[in-house]
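Protein chains in written order, with our numbering: chain W, 526 to 1672; chain F, 1082 to 1391.
Printed below as a string of structure tokens:
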């Protein structure tokens, strides 16, 4: 191989001095320090409570950026002195009289000048390779970096050499090189900003804000020769998986050539090499004596030359930078309006789709949103995808959810899926894609979030929708709501609006099914309704003469009981004339109207509407929701509905589930949620990574230090003795490669090479005899690479991206190309594919999945409480054992530990501790019982995860009285883990809300006071939460079950969960009562103090405070809180005990 | 070997070479003389390919020097008047570097370089760092360096400038050796006498054109005839002046006491005839001779004359 003699000589000279070895030593020592220190900080779990792998990637980028900066500063210094230095030393002329061509000299100088810098970078590869111990960066990324560094060195070096050939002295040459580097790196970047500004100014002044903002995307192209931008782009591609080019292009109101955008790195490398060649050619020209004009006319000639060079440079940059003044079509997004039905049409050629989002375009916060499209095909057979995209909350990216469809020629097809909840202002893009995911048509829309969460959303499903309209008007007229100003909204549903995915109806609070043949429902649809009810929905079923038509499908699944015979009656709906007058606001005759009813007897239901002779409607709790069954058809005749419609509306209003009351009433002030978020949320749990497979930093420190000294002074000294120092040019890279490979190989044991999943599954245990249970899983998929990847789920599940809290930008890319989204869900024909694009290495992608799993049994809790003594058994009737079981009952926590399958444990013999659910000591005692603490990093990560899951559960169930929670042992959990082939880390918990009958001194305990709130001022309270925190006095009447007489009330730590008693300052004022409750003594007529916040009360003989009908009216005087910012607080939670009259109606 | 025709070079308004013509035969040791600024260095730089000519032609060993730069450089070895050396490089490495430029590497290069260093009496300094050598040694090293590719023509710009007498002597010896080896050499100097001793041919350049060219003898001869004739008479100075003035070959005459200096165009016979006439007319002549040896004076005179002619 013929080596350029100039290069050969220079590299020989370079290795002569010890400086060479010392440079390698200290440069790499510095990098080793940064790398090890960085890793130590990230992996040392004494400093962090979780392992953040993506931060480790930052270490890599810090190192490579240091190296790039070093190149940017050293290369101009080395190269600028190269030729000018020869000139200064008067060695250049001799060189020029040799056969060396100027080009060869220039090349030799360039190569030799950058060789040291490139060698330094190369020598650091073992340090950089430490990233391979965790992954995130692959060999290709490293190779890309090496290519980048070499090209950058050549490019900057060529500018330095050019400057060096241009002027006589090294110092001015150095200055010129830095100026050139500054122009290339700085001016090109500034040009982008200036172009943007100019475009805006032009738009606002010359165009007078009309038309499109001028497209100045041309200003991006000069960045091709900006090495700083190249590395920025490279890093963002490797690390963040982001392509900021499309953002930049749309900020400059246009688009880049697709080729340039897709292959920016290659283009910029090519551009920089072209400029390198130009600069070298220029340098050779300056050097060639026969082309160089000489001496005498020195001054003028020199000026000309400078002018020429300046002109050339100017041409380069002007050509590249000059922003186009012409206007092209602006790519800014147009947000289309949804029509009255909440639909938008998108079409292209023969394919069109009518897309509906939400219900008539309306959606609620924190609820799933339905998206459905009817796709019409007027052309030939078409297979494609219906897609919805919207911006992520945590970064500038998008989530896409899409579903495959095939629609034959001339036909139409309905495609539906649910979207996760999103915030207001978010642009949603609906699109039709072809098979290859390329968008063929799309529109941007915004959903209507004008309706607050506290508006009641009612869906009606009926063959005679018109006759249910009175409900809507009744709601509108009455402004039925929960302290909110908005009336409810009725959505008329079609049969297929009830889908097999309960998330599609998630936004609805009430579903009314009347005069509709539910036999049409599939099993999946029934399940969806069931699931929706169990989460808090209120299902209102009408019947009438043909009760089986509606009730049939639910019989045996949701409802158990009997359907009696139909009969015609005349009824006044139990409404007195006064009531009717007050409802309708006019004096009307209280007349009975004809009504067809069917007598229905539902197990576990209680009557809610009766006219005295006939029971007209009953309600039954189901999960967190309610099912109301009416014995008549809600499709009332016009006359009947005019008179008694409001009664039906009242039934709806009065029987909204407690869950929904909370959901609706606490739109903003739900402190429990925010409390849990502040303290610990699910995302913390899902970010718990095992410390088992962390790289052994000590080992790497030894290896790296050995390398650094070997490559530096040791090999120098050895080779100096043999006078073979020239070999250093080969030995250092060779050592570098050997050590890099060594670290790579050792790192394989800890390197994360495929995606892994962190999950937290919760199984809601079924009631006895149910054949399936709901499994809710929150999981994140994390990959060590920024490359796109997919996870395929073989079976159908309700799966949505889970919403992340965080800042978000509604900024949308104008790029119409597919695969722009960051992650998405694709509902295929046979499977669900989770697709991840444009993500950072180690970026966790959160999803939520709900699915049914065939029941593996349940846990029976047969526990009673008698006079503060608990007794009974918890029986594990699951097919697997359970671990770390907790039973919480009315203020007392029982740590059970493991329950083998089929075994029972006696609750009274379990370790128990009584504490406030609002105090940390409660959780710390619990954690201690389980063997550690979530924040104790020294314990096993799976235990930490369990403790965390339990803490999240407790936080979310602070107002819940009695529950059971346990964990499925690792290896036994099949419901979730079987779905993915990836490594999985997580835990599966099971829980059950249970009822514990309680007696106290022979009294029956009937629960908590707030359950019986009946009359109150809706503007101030819903009977439990006080909205108006300025309100100082409240009056609430509580109505107890029929035949029940209240005898005794108890107010203490147990009934309240402890907040008022534990926390002196009422830190969590939203969960504490503050003030005094008074009642009127009927015997004396005096008001007496019943209880006071923070002071236990146990009052027997409550009869004297009761009204004639057995109800109790309490006058609350609200005290001052130190917590002025509280949005709401609660009325006291009081345990009620009393006796039933002996009528046999006891429940 | 070297044929320069009508070579023209100007720097702005200043004409450096004014249609210079020169030809040098193979094997000549050509001394290129002229005052500072006469165009010596310019000429040498042009024929070395370091400077562009504005007109004329230069052919060296059959190569068009103004066009075929690459081939030219294989033919010539050039040593500039001022040059530097690389630091941190040993003498032998310095040589090897230039050898490598011509594609000669390895042992072959090393032995050849040692040979060349031996030629310039530097073989014992091979392992010395170049920047530690004396100026004379550097000069010789540079000379050896210019020989690495065995050029047919050596162009040495003021090789002796700045050297002490001993170094000059040594340099002369080396150049003579090279000449004996058959190299064509061009040496420039502004000191004619320095060249006179060793050059086979001498060319005098002034104001960008050749004033005179020939063998040393020819030049000396040419210059001698124009030398003043210095006559010291003891008596009868008037007679002597009369006789001299009557002689048609006398151009100039100056009298300084008993000394008469004349410009005499005649050859040796005419000189003898003039002396005879003086003696026959009873003029006692104690000294009668052409002024010789002071080439510089003559040189000055020649150039001065040319100035008059201009």
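From the three backbone atoms N, C-alpha and C, an ideal C-beta is built for every residue, glycine too.
(1) Would you tell me roughly how many angstroms separate the C-alpha atoms of residue 1159 (chain W) and residue 992 (chain W), rounded to the nearest one?
(2) Kindly confirm or deny that the segment 1601–1610 of chain W and the segment 1543–1559 of chain W touch, where touching means at least three C-beta pairs closer than 8 Å.
(3) Flag residue 618 (chain W) as yes if its beta-carbon sits less than 9 Å from any beta-carbon of chain F, otherwise no.
(4) Take residue 1197 (chain F) and list the residues in its own chain whose beta-carbon comes closer than 6 Å to its own, dropping the five residues that flank it on each side.
(5) Distance cutoff 9 Å, beta carbons only. Does residue 1220 (chain F) sit that close to anything in chain W?
(6) List, in chain order, every chain W residue whose beta-carbon is nearer than 7 Å to that of residue 1088 (chain F).
(7) How would you list, in chain order, the residues of chain W whose beta-carbon sits under 8 Å from the beta-carbon of residue 1040 (chain F)?
(8) On the CB-based measure, 16 or more other CB atoms within 10 Å of its CB, does residue 1350 (chain W) come out buried or exposed?
(9) Excluding sequence positions up to five away, which residues of its chain have a Cβ less than 6 Å from the Cβ of residue 851 (chain W)?
(10) Looking at residue 1133 (chain F) and residue 627 (chain W), is the spacing between their C-beta atoms short of 9 Å?
(11) Just how far apart, CA to CA, sit residue 864 (chain W) and residue 1640 (chain W)?
(12) Comparing C-alpha positions only, which one of W:747, W:1185, W:1364 and W:782 sits nearest to residue 794 (chain W)?
(13) Along chain F, in chain order, which residues have C-beta atoms closer than 7 Å to that of residue 615 (chain W)?
(14) Roughly how far, in whole angstroms, is the beta-carbon of residue 720 (chain W) from the beta-carbon of residue 744 (chain W), given that I think they are within contact range, below 8 Å?
(15) Relative to the C-alpha of residue 1245 (chain F), which residue among F:1268, F:1260, F:1275 and F:1235 is closest?
(16) Return the chain-ordered list of same chain residues with a C-beta closer than 7 Å to the C-beta of residue 532 (chain W), the five sequence neighbours on each side being excluded.
(17) Any beta carbon of chain F sitting closer than 9 Å to that of residue 816 (chain W)?
(18) I want to see whether chain W comes within less than 9 Å of residue 1230 (chain F), judged by CB atoms only; does it?
(19) Could you name the residues of the same chain whose beta carbon sits closer than 7 Å to that of residue 917 (chain W), not counting the 5 residues immediately before and after it, in chain order?
(20) Starting from residue 1304 (chain W), follow the beta strand (DSSP E) in both directions and report where the run begins and ends.
(21) Using a Cβ-Cβ cut-off of less than 7 Å, list which residues of the segment 1124–1154 of chain F approach chain W; keep chain order.
(22) Going by CA-CA distance only, name the one from W:944, W:716, W:764 and W:541 that's closest to residue 1311 (chain W).
(23) Using a Cβ-Cβ cut-off of less than 8 Å, give me the residues of the segment 1169–1199 of chain F that come near chain W, in sequence order.
(24) Could you work out which residues of chain F lie near residue 628 (chain W), taking near to mean beta carbons separated by less than 7 Å?
(25) In terms of residue numbering, what span does the beta strand (DSSP E) encompassing residue 873 (chain W) cover?
(26) Consider the Cβ of residue 1223 (chain F): report whether some Cβ of chain W lies at a distance smaller than 9 Å.
(27) May I ask you to report which of helix, strand or coil DSSP gives residue 1290 (chain W)?
(28) Kindly say whether residue 541 (chain W), judged by its beta-carbon, lies nearer than 9 Å to any beta-carbon of chain F.
(29) Would residue 1291 (chain F) and residue 1150 (chain F) qualify as a contact pair, given that the criterion is a beta-carbon distance under 9 Å?
(30) Might you give, ordered along the chain, the residues of its own chain that have their beta carbon closer than 6 Å to the beta carbon of residue 1455 (chain W), omitting 5 neighbours on each side?
(31) Rounded to a whole number of angstroms, what is the C-alpha to C-alpha distance between residue 1186 (chain W) and residue 1485 (chain W)?
(32) Can you pull out the residues from the segment 1243–1274 of chain W whose beta carbon lies closer than 9 Å to at least one beta carbon of chain A?
(33) Could you check if residue 611 (chain W) is buried or exposed, using at least 16 other CB atoms within 10 Å of its CB as the buried criterion?
(34) Of the choices W:900, W:1231, W:1327 and W:681, whose alpha-carbon is the least far from that of residue 929 (chain W)?
(35) Can you tell which of F:1316, F:1199, F:1340 and F:1359 has its C-alpha closest to the C-alpha of residue 1258 (chain F)?
(36) Are the C-beta of residue 806 (chain W) and some C-beta of chain F separated by less than 9 Å?
Short version:
(1) 8 Å
(2) no
(3) yes
(4) 1225 and 1228
(5) no
(6) By Cβ distance, chain W contributes nothing, its closest Cβ being about 15 Å from residue 1088 (chain F), past 7 Å.
(7) The requested residue 1040 (chain F) is not part of the displayed model; chain F covers only 1082 to 1391.
(8) buried
(9) Residue confidence for residue 851 (chain W) is low, a pLDDT of 31 falling below 50, so the modelled location carries little weight; the figure read from the coordinates is stated next. Cβ within range, chain order: n/a, list empty.
(10) no
(11) 49 Å
(12) W:747
(13) 1163, 1164 and 1165
(14) 4 Å
(15) F:1275
(16) 633, 636 and 637
(17) yes
(18) yes
(19) 923, 924, 1333 and 1347
(20) 1297–1307
(21) 1129, 1130, 1131, 1132, 1133, 1150, 1151 and 1154
(22) W:764
(23) 1169, 1170, 1174, 1178, 1179, 1181, 1182, 1183 and 1184
(24) Per Cβ cutoff of 7 Å: no residues; residue 628 (chain W) is ~12 Å from chain F at best.
(25) 868–873
(26) yes
(27) coil
(28) yes
(29) no
(30) 1409 and 1472
(31) 15 Å
(32) Looking for chain A here will not work: the only protein chains present are W and F.
(33) buried
(34) W:900
(35) F:1199
(36) no
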